[in-house]
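Asker:
Number of protein chains: 2
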Amino acid sequence: MSIRIVGLTGLPEVRPGDDLAALIRSASGPLDAATIVVIAQKVVSKAENAIVDLRTVTPSDLAAAWASQYGKDPRLIELVLCQSRRIVKMDRGVIISETSHGFVAANAGVDQSNVPGEHFATILPADPDESARRIRESVGCAAVIISDTFGRPWREGLVNVAIGVSGLEPLLDLRVTVDRCGRPLQTSTIAIADELAAAAGLVMGKSDGIPVALITGFASKTGEISAKVLARAPEKDLFR
Amino acid sequence: MSIRIVGLTGLPEVRPGDDLAALIRSASGPLDAATIVVIAQKVVSKAENAIVDLRTVTPSDLAAAWASQYGKDPRLIELVLCQSRRIVKMDRGVIISETSHGFVAANAGVDQSNVPGEHFATILPADPDESARRIRESVGCAAVIISDTFGRPWREGLVNVAIGVSGLEPLLDLRVTVDRCGRPLQTSTIAIADELAAAAGLVMGKSDGIPVALITGFASKTGEISAKVLARAPEKDLFR
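Residue numbers (my numbering), protein chains in the order written: chain L, 4 to 243; chain A, 4 to 243.
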């Protein structure tokens, strides 16, 4: 198998209301139908106007106290709390929480980087699977992954992961197969959508203005399963 | 940037004492000097004879009790405990521990899959950075990453990550740069070595017998830093 990953150049700055799929089609030209398009959450949020004006946010007492203790903007903290359905960890100035989608992320995915204007922050798209589905239909590619860079416990550095998927199975279940010695493979479910997102992260760069990557040559398993299968169910989560 | 990832075919079954670098050279032919070679831990462990005969292992009381409770092989559990320098979580039949290298992994990286003979299990290479360095020098490529598939809290599925690195900086620090709006990027250190390992995971497949991937077209930052920088320091770890 030979996989090719290319950063899509020539996209304009994405603004609220833009037809992101049309911008991608225009920058990419006709795509091979087997192409997987990986799109950074930031431009999806911008196009969908998932942008909050912090001047409209009234901090709660909790947000105000936390912000004061760690020198943060209390409105931004309030927005993080509002975007969370459960706080996983709140310690040393860091908030890690579960979003409404079920993903666990620092600041619930709220982010001010690459958002013009000091009073604005992006939030995650309301339904990243649906965003992916719409863009896939419009672009006419095999699959679309909406990605974001997440930190991980125990390991330094962020990696790009999938938060929305359309057109491919996010998980590749090898548990029913056997290894090369004939022994059943045990806990071998591979997070294919996350590995694709990570691969795309290599060409994206955070401030390079390359929010879209095109992946060809990877034979993904077609599916309509949501990226939510990547979120571990509470009863299986040892680190809840 | 255009990145290409190819699975290396034609490698024989790797056995203890094999010169893995020579096998890779022979299967790949002359490599572009800019190539990054990603190698699954399993074949490195086999070549280095990091294989334990379970018949030589005497289970401790803890290993025996745990194995009995969850229907596991007590010798395998004992080996997992021996390969751990700290138990992070031991619950519901799952052991997640910190290895001598500082990585946190299920079963401390002990694995029976794709190891011939029912009494044998592989352990992680003693010094994966050094394994990577030796292979890089012999193969003459830009960088070598030794990878393994790790699970993650909160997310389903395994992803391929770096446990040994030679020839490139595992972390790309974007914190000193500014975003496209001129605002300093805050927590933006990207785990490049893990993203490269994940990308390689796409062509490896767990039982396909493709334990080596060749990555070209990625301009990595040259360095001699160990993969251990990917292990989060205790004082920075909120999930210790």
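Even for Gly, the Cβ is constructed at its ideal location relative to N, Cα and C. Just so it is clear, the structure is predicted and the values come from calculations on it, not from any experiment.
Taking only beta carbons into account, state which residues of the segment 156-175 of chain L come closer than 9 angstroms to chain A, listed in chain order.
Answerer: Flagged, chain order: Pro156, Trp157, Arg158, Glu159, Gly160, Leu161, Val162, Asn163, Val164, Pro173, Leu174, Leu175.
Asker: Quick check on the DSSP output: the beta strand (DSSP E) that includes A/Lys45 runs from which residue to which?
Answerer: Looking up residue 45 of chain A in the second sequence gives position 42. From DSSP, A/Lys45 is part of no beta strand (DSSP E) but of the alpha helix (DSSP H) over 44-50.
Asker: Measure the alpha-carbon distance for A/Pro156 versus L/Glu133 and round it to whole angstroms.
Answerer: Stepping through the second sequence from its first residue, residue 156 of chain A is reached at position 153. Stepping through the first sequence from its first residue, residue 133 of chain L is reached at position 130. Each residue's alpha carbon lies about 25 angstroms from the other.
Asker: To which residues of the same chain is L/Asn52 closer than 7 angstroms at the C-beta, ignoring the five residues directly before and after it?
Answerer: Walking along the first sequence from the start, residue 52 of chain L turns up at place 49. The residues are Pro19, Gly20.
Asker: Which residues in chain A sit within 8 angstroms of L/Glu198, going by Cβ to Cβ distance?
Answerer: If you number the first sequence from 1, residue 198 of chain L lands on position 195. Under the 8 angstroms cutoff, chain A gives Val162, Asn163, Ala201, Ala202, Gly204, Leu205.
Asker: Are the Cβ atoms of A/Ser87 and A/Ser100 separated by less than 8 angstroms?
Answerer: Along the second sequence, one-based indexing puts residue 87 of chain A at 84. Along the second sequence, one-based indexing puts residue 100 of chain A at 97. Yes. Within cutoff.
Asker: Measure the CB-CB distance between A/Ile39 and A/Ala145 and report whether it falls below 8 angstroms.
Answerer: Within the second sequence, residue 39 of chain A is the residue found at index 36, counting from 1. Within the second sequence, residue 145 of chain A is the residue found at index 142, counting from 1. Yes, these two residues count as a Cβ contact at 8 angstroms.
Asker: Where are the alpha helix (DSSP H) runs, 4 residues long or more, that stay fully inside the segment 80-167 of chain A, in chain order?
Answerer: For the segment 80-167 of chain A, whole alpha helix (DSSP H) runs of length 4 or above, ordered along the chain, are 131-142.
Asker: If the cut is a Cβ gap below 9 angstroms, which residues of chain A does L/Ile98 touch?
Answerer: The count along the first sequence starts at 1 and reaches residue 98 of chain L at position 95. Those within 9 angstroms of L/Ile98 in chain A number zero; the least Cβ separation is about 10 angstroms.
Asker: Looking at chain L, is there any beta carbon in it that lies within less than 8 angstroms of the beta carbon of A/Gly10?
Answerer: Here residue 10 of chain A corresponds to residue number 7 of the second sequence, with the count starting at 1. True, the Cβ-Cβ gap to chain L drops below 8 angstroms.
Asker: Would you report the Cα separation of A/Ala135 and L/Gln44, rounded to the nearest angstrom?
Answerer: The sequence position of residue 135 of chain A within the second sequence is 132, counting from 1. The sequence position of residue 44 of chain L within the first sequence is 41, counting from 1. Their Cα atoms are separated by approximately 34 angstroms.
Asker: One question on the structure: do A/Pro131 and A/Gly170 come within less than 8 angstroms of each other, judged by their Cβ atoms?
Answerer: Numbered from its first residue, the second sequence carries residue 131 of chain A at position 128. Numbered from its first residue, the second sequence carries residue 170 of chain A at position 167. Contact: no.
Asker: Are the CB atoms of L/Ala165 and L/Ala222 nearer to each other than 8 angstroms?
Answerer: Looking up residue 165 of chain L in the first sequence gives position 162. Looking up residue 222 of chain L in the first sequence gives position 219. Not a contact, by the Cβ cut-off of 8 angstroms.
Asker: At a threshold of 7 angstroms, does A/Val215 count as lining the ligand HEM (C-beta to nearest heavy atom)?
Answerer: Because no ligand of any kind appears in the structure shown, any question about the ligand HEM cannot be addressed here.
Asker: Under three-state DSSP, which class holds A/Gly226?
Answerer: For the purposes of this step, residue 226 of chain A is taken as residue 223 along the second sequence, with counting starting at 1. Three-state DSSP puts A/Gly226 in coil, outside helix and strand.
Asker: DSSP three-state label for L/Thr219, please.
Answerer: Locating residue 219 of chain L in the first sequence gives position 216, where the first residue counts as 1. Here L/Thr219 sits in strand by DSSP.
Asker: Buried or exposed: where does A/Gly112 fall if 16 or more other Cβ atoms within 10 Å of its Cβ makes it buried?
Answerer: By one-based count along the second sequence, residue 112 of chain A stands at place 109. Burial call: buried.
Asker: Would a check of beta-carbon distances place L/Val232 closer than 8 angstroms to chain A?
Answerer: In the first sequence, counting from the first residue as 1, residue 232 of chain L sits at position 229. It does; some Cβ of chain A falls within 8 angstroms.
Asker: Among L/Arg28, L/Ser5, L/Ile6, which one has its Cα closest to the Cα of L/Leu14?
Answerer: What you label residue 14 of chain L is simply residue 11 of the first sequence in a count that begins at 1. Of the candidates L/Arg28, L/Ser5, L/Ile6, the one whose C-alpha sits nearest the C-alpha of L/Leu14 is L/Arg28.
Asker: Please compile the residues from chain A whose C-beta is within a distance smaller than 7 angstroms of the C-beta of L/Thr192.
Answerer: Numbered from its first residue, the first sequence carries residue 192 of chain L at position 189. Those are Glu159, Gly160, Leu161, listed as they occur along chain A.
Asker: Count the other CB atoms, across all protein chains shown, that sit within 10 Å of the CB of A/Asp94; report buried if there are 16 or more and exposed otherwise.
Answerer: Position 91 of the second sequence holds residue 94 of chain A. It counts as exposed.
Asker: In three-state DSSP terms, what is A/Ser191?
Answerer: Taking the second sequence and counting its residues from 1, the one referred to as residue 191 of chain A is at position 188. Three-state DSSP puts A/Ser191 in coil, outside helix and strand.
Asker: Would a C-beta distance cut-off of 8 angstroms place L/Gly226 and L/Glu159 closer than the cut-off?
Answerer: Against the first sequence, residue 226 of chain L aligns to sequence position 223. Against the first sequence, residue 159 of chain L aligns to sequence position 156. Contact flag unset, no.
Asker: Tell me the residue span of the alpha helix (DSSP H) that contains A/Leu213.
Answerer: In the second sequence, counting from the first residue as 1, residue 213 of chain A sits at position 210. In the sequence as presented, Leu is not what sits at residue 213 of chain A; that position holds Ile. First-last for A/Ile213: undefined, no H or E at that position.
Asker: So what does DSSP say about A/Asp76, is it helix, strand or coil?
Answerer: As a first step, residue 76 of chain A must be located in the second sequence, where it is residue number 73. Coil, per DSSP.
Asker: Whose C-beta lies closer than 7 angstroms to the C-beta of A/Glu103 among residues of the same chain, with five residues either side of it excluded?
Answerer: Locating residue 103 of chain A in the second sequence gives position 100, where the first residue counts as 1. As written in the sequence, residue 103 of chain A is Ser, which differs from the Glu given in the question. Counting only Cβ-Cβ distances below 7 angstroms, and skipping sequence neighbours, we find Arg88.
Asker: Can you say whether A/Gly105 is buried or exposed, counting buried as having 16 or more other CB atoms within 10 angstroms of its CB?
Answerer: Here residue 105 of chain A is taken as the residue at index 102 of the second sequence, counted from 1. Under this definition A/Gly105 is a buried residue.
Asker: Using a Cβ-Cβ cutoff of 9 angstroms, what residues of the segment 68-96 of chain L are near chain A? List them in chain order.
Answerer: Under the 9 angstroms Cβ criterion, the segment 68-96 of chain L contributes Val91, Lys92, Asp94, Arg95.
Asker: Do L/Ile218 and L/Leu199 have their C-beta atoms within less than 8 angstroms of each other?
Answerer: Residue mapping note: residue 218 of chain L aligns to position 215 of the first sequence, counting from 1. Residue mapping note: residue 199 of chain L aligns to position 196 of the first sequence, counting from 1. A contact, by the Cβ cut-off of 8 angstroms.
Asker: Once the 5 residues before and after L/Asp35 are set aside, which same chain residues still bring their CB inside 7 angstroms of it?
Answerer: Here residue 35 of chain L refers to the residue found at position 32 when the first sequence is read from its first residue. So the qualifying residues of the chain are Thr219.
Asker: Taking buried to mean at least 16 other C-beta atoms within 10 Å of its own C-beta, is A/Ser150 buried or exposed?
Answerer: Position 147 of the second sequence holds residue 150 of chain A. When all chains shown are included, A/Ser150 counts as buried.
Asker: Mapping DSSP to helix, strand and coil, what is A/Asp64?
Answerer: On the second sequence, position 61 is the one that residue 64 of chain A refers to. Reduced to three states, the DSSP call for A/Asp64 is helix.
Asker: Would you kindly check if the distance between the Cβ of A/Val9 and the Cβ of L/Gly5 is under 8 angstroms?
Answerer: Here the question's residue 5 of chain L lines up with position 2 in the first sequence. Here the question's residue 9 of chain A lines up with position 6 in the second sequence. The question names Gly, but residue 5 of chain L in the sequence shown is Ser. Yes, these two residues count as a Cβ contact at 8 angstroms.
Asker: What residues of chain L sit near A/Arg7, judged by a beta carbon separation below 9 angstroms?
Answerer: On the second sequence, position 4 is the one that residue 7 of chain A refers to. Within chain L, the residues near A/Arg7 are Ser5, Ile6, Arg7, Ile8, Gly220.
Asker: Looking at the unbroken alpha helix (DSSP H) that takes in A/Arg7, where does it start and where does it end?
Answerer: Along the second sequence, read from residue 1 onward, the residue named residue 7 of chain A stands at position 4. Segment 5-10 is the beta strand (DSSP E) holding A/Arg7; no alpha helix (DSSP H) there.
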